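Step one of this worksheet: look at the structure below.
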Amino acid sequence: MGNIAMVDLISQYRHIENEINDRFREICESSAFIGGKYVKAFSSDLAAYMNVKHVIPCANGTDALQLALMALQLKPGDEVITTAFTFVATAEVIALLGLKPVFADIDEQTFNIDVEDVERKITPHTKCIIPVHLFGQAADMDAVMNLSRKHNIPVIEDNAQSIGCFINQEDSKGYTGSIGNMGTCSFFPSKNLGCYGDGGAVTTNDDDLAHALRMVANHGSAIRYHHTMIGVNSRLDNLQAAVLYTKLPHLDAYNTARQFAADYYDELLSDVEEVVVPFRDQKSKHVFHQYTLRIKKDRDGLANHLKQNGIAHGIYYPIPLHLQEAYLGSEYGEGDLPNSEQACREVLSLPMHSELTRPIQETVINAIKAYYA
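So, in structure tokens, the structure goes:
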């Protein structure tokens, strides 16, 4: 069978290559690379899909987080609470803007932010909460939004890994990224909805925030050469927008394929005592950006065994953010966020994508079973 990759973007491309190639050719022949009809069309279609008023496209998911924070016009030293168990971009943009990242622990089942710990970390300086919908599963948005209302703190949903995940909680009903004040998307190629380079977007139902976001993304300008606020240059190009415009109608099918693959992984692993399969919160539709196991015995040995057998895997993430050198200060030390630290010692993600076949999955799981035999 050969080496097994984490994602198979080539097979996915084969299903839509005629549409992609035709649209790329159209764009190249018109030279409409910046802006253009596909940027507008994709933004409009994504807003309709997510049932939000505004989609502000930008260059990548990290920029989306930065734009969202800049639109809130926070002041240096203001505190932003987020999870310690996520990709560094979530905390990186907080620090880059002179704000203070405050790390909360995670729920040990979902890997998402522990809202009770968030409340313990709130101070008079807390000006924003950023929950991350990790690995394709929604955070507890009812609890997050209750805190937001109680303390009058805006919420930015980091939706980089969970686009298409539907929340059906008591008060929070809708797609991830549509519940808080703003949501941020990443369209990195390996994401459930990915382009062929970098791309991102911010979603919001707030007209004032949407106006501010568009200005921030365009050098702080609403009228050309009139700059009323400090901004940046962050835009989604027409080629990437064309890819996303083409793929968006397939997003639900892509996510369903991932769910079927996750179910089969669960079935194959049902008798392997050394691993714990992903928890599924019944209040949201897990879309499995990653299929992440907890390995209760010799995670690193298993990872090396998979590598030797040509099976790709991921450890997302090996070090929690509060213990990363860039963020390690007097406030944090080992043992401060025990659930995050334990997850970093145990997690291992298996190949997961919309084109995954059962024979490939069987090969992966047989390798795991052979290691523990």
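Counting from 1, position 182 in the sequence shown corresponds to residue 1124 in the numbering used here; the numbering is continuous, with no gaps. Backbone N, C-alpha and C fix where the C-beta goes; we use that ideal spot for every residue, glycine too. What you are looking at is a predicted structure, and each value in this text was computed from that prediction instead of being measured.
Inset, instruction - Could you check which residue in Thr1145, Asp1149, Ala1080 and Leu1135 has the C-alpha nearest to that of Lys1115? - result: For Lys1115, the closest of Thr1145, Asp1149, Ala1080 and Leu1135 by C-alpha to C-alpha distance is Ala1080.
Inset, instruction - Please go through the same chain and pick out, in chain order, the residues whose beta-carbon is closer than 7 Å to the beta-carbon of Met992, but skip the five residues on each side of it. - result: If we look at Met992 and ignore the five residues flanking it on each side, its Cβ neighbours are Tyr1117, Gly1119, Ser1120 and Thr1145.
Legend entry - Option in Met1012, Ile1072 and Tyr1314 with minimal Cα separation from Ala1033: Cα-wise, what sits closest to Ala1033 is Ile1072.
Inset, instruction - Measure from the alpha carbon of Val957 to the alpha carbon of each residue in Tyr1259, Met1124, Gly1136 and Lys1189, then state which is nearest. - result: Checking the displayed sequence, the identity of residue 957 turns out to be His instead of Val. Put simply, of Tyr1259, Met1124, Gly1136 and Lys1189 the residue whose alpha carbon is nearest the alpha carbon of His957 is Lys1189.
Inset, instruction - Just the C-alpha distance for Pro1018 and Ile1165, rounded to the nearest angstrom, thanks. - result: Pro1018 and Ile1165 have their C-alpha atoms spaced approximately 27 Å apart.
Inset, instruction - Thinking Ala906 and Cys1127 are a contact (beta carbons under 8 Å), I'd like their distance in whole angstroms, please. - result: This structure does not reach residue 906, given that the chain is present from 943 up to 1315, and the question cannot be answered.
Inset, instruction - Grab the span of the beta strand (DSSP E) containing Phe1108 for me, first residue to last. - result: Phe1108 to Asn1110 is the span of the beta strand (DSSP E), which, as asked, contains Phe1108.
Legend entry - Cβ pair Glu1288, Lys1238 closer than 9 Å: Contact flag set, yes.
Legend entry - Other residues of its chain near Gly1125: CB distance less than 6 Å, five sequence neighbours each side excluded: By the criterion of a C-beta distance shorter than 6 Å, Gly1125 is surrounded in its chain by Glu1099, Asn1101, Gly1119 and Thr1145, once the five residues flanking it on both sides are discounted.
Legend entry - Cα-Cα separation, Asn945 to Asn1251: Those two C-alpha atoms are separated by around 8 Å.
Inset, instruction - Quick one: using the 10 Å Cβ neighbour count with 16 as the cut-off for buried, is Glu1209 buried or exposed? - result: Exposed.
Inset, instruction - From the DSSP output, in three-state form, read off Val1074 for me. - result: Reduced to three states, the DSSP call for Val1074 is strand.
Legend entry - contact_flag[the segment 1194 to 1201, the segment 1221 to 1233] where n(CB pairs < 8 Å) is 3 or more: Touching, per the Cβ criterion.
Inset, instruction - For the beta strand (DSSP E) containing Ala1164, list its first residue and its last residue. - result: Start and end: Ser1163 to Ile1165.
Legend entry - Local Cβ density within 10 Å of Gly1040, reported as buried at 16 or more and exposed below that: By the 10 Å Cβ count, Gly1040 comes out exposed.
Inset, instruction - Put Val1219 into one of helix, strand or coil per three-state DSSP. - result: Assignment of Val1219 by DSSP, reduced to helix, strand and coil, places it in the coil class.
Inset, instruction - Output the distance between the C-alpha atoms of Gln980 and Gln1201, rounded to the nearest integer angstrom. - result: The question names Gln, but residue 980 is Tyr in the sequence shown. So the alpha carbons of these two residues sit roughly 29 Å apart.
Inset, instruction - For Val1044, I'd like the list of residues in its chain whose CB is within less than 6 Å of its CB, leaving aside the five on either flank, ordered along the chain. - result: Closer than 6 Å at Cβ, skipping near neighbours: Glu1021, Ile1023 and Lys1063.
Inset, instruction - Grab me the residues of Gly1277's own chain with a C-beta within less than 8 Å of its C-beta, minus the 5 sequence neighbours each way, in chain order. - result: The residues are Glu1283.
Inset, instruction - Tell me whether Gln1224 is buried or exposed, calling it buried when 16 or more other Cβ atoms sit within 10 Å of its Cβ. - result: Counting C-beta atoms within 10 angstroms of its own C-beta, Gln1224 has fewer than 16 neighbours from the protein chains shown and is therefore classed as exposed.
Inset, instruction - Return the chain-ordered list of same chain residues with a C-beta closer than 6 Å to the C-beta of Leu988, the five sequence neighbours on each side being excluded. - result: Cβ neighbours of Leu988 beyond the five flanking positions: Val997.
Legend entry - Euclidean distance between Cα positions of Ser1212 and Ile1307: So the two alpha carbons sit approximately 11 Å from each other.
Legend entry - Check whether Phe1077 and Ser1291 have beta carbons under 9 Å apart: Ser1291 sits close to Phe1077, with the two beta carbons spaced by under 9 Å.
Inset, instruction - Could you check if Lys1249 is buried or exposed, using at least 16 other CB atoms within 10 Å of its CB as the buried criterion? - result: Burial call: exposed.
Legend entry - Segment contact flag, the segment 1158 to 1176 with the segment 955 to 970, C-beta cutoff 8 Å, min 3 pairs: Taking 8 Å as the limit for Cβ pairs, the verdict is that the segment 955 to 970 does not touch the segment 1158 to 1176.
Legend entry - Identity of the residues DSSP links to Gly1116 by a beta bridge: Answer is Ile1109, bridged to Gly1116.
Legend entry - Which listed residue (Glu1267, His1264, Pro1293 and Val1219) has its alpha carbon closest to that of His1255: Residue Pro1293 is the option with its Cα nearest to His1255.
Legend entry - Paired residues, beta bridge with Tyr1233 - DSSP: Its beta-bridge partners are Leu1292.
Legend entry - Residues that Ile946 bridges to, as DSSP identifies them: According to DSSP, Ile946 shares a beta bridge with Ile1253.
Inset, instruction - Could you check the C-alpha separation between Ile1095 and His1067 for me, to the nearest Å? - result: Going by the C-alpha atoms only, they are around 10 Å apart.
Legend entry - Cβ shell of Leu1181 (< 7 Å), same chain only, five flanking positions each side left out: Exclusion of the five residues before and after Leu1181 leaves Phe966, Ile969 and Phe975 as the residues of its chain whose Cβ lies within less than 7 Å of its Cβ.
Legend entry - Straight-line Cα distance separating Asn1147 from Met1157: If I take the Cα positions, the gap works out to 16 Å.
Inset, instruction - Could you tell me the distance, in whole angstroms, from the CA atom of Tyr1269 to the CA atom of Asp1059? - result: Rounded to whole angstroms, the separation of the alpha carbons of Asp1059 and Tyr1269 is 19 Å.
Legend entry - Sequence-distant residues of its chain with Cβ nearer than 6 Å to Val1219 (five each side left out): If we look at Val1219 and ignore the five residues flanking it on each side, its Cβ neighbours are Asp1208 and Leu1211.
Inset, instruction - In angstroms with no decimal places, state the Cα-to-Cα distance between Met1087 and Glu1215. - result: Per the coordinates, the alpha-carbon of Met1087 lies some 37 Å from the alpha-carbon of Glu1215.
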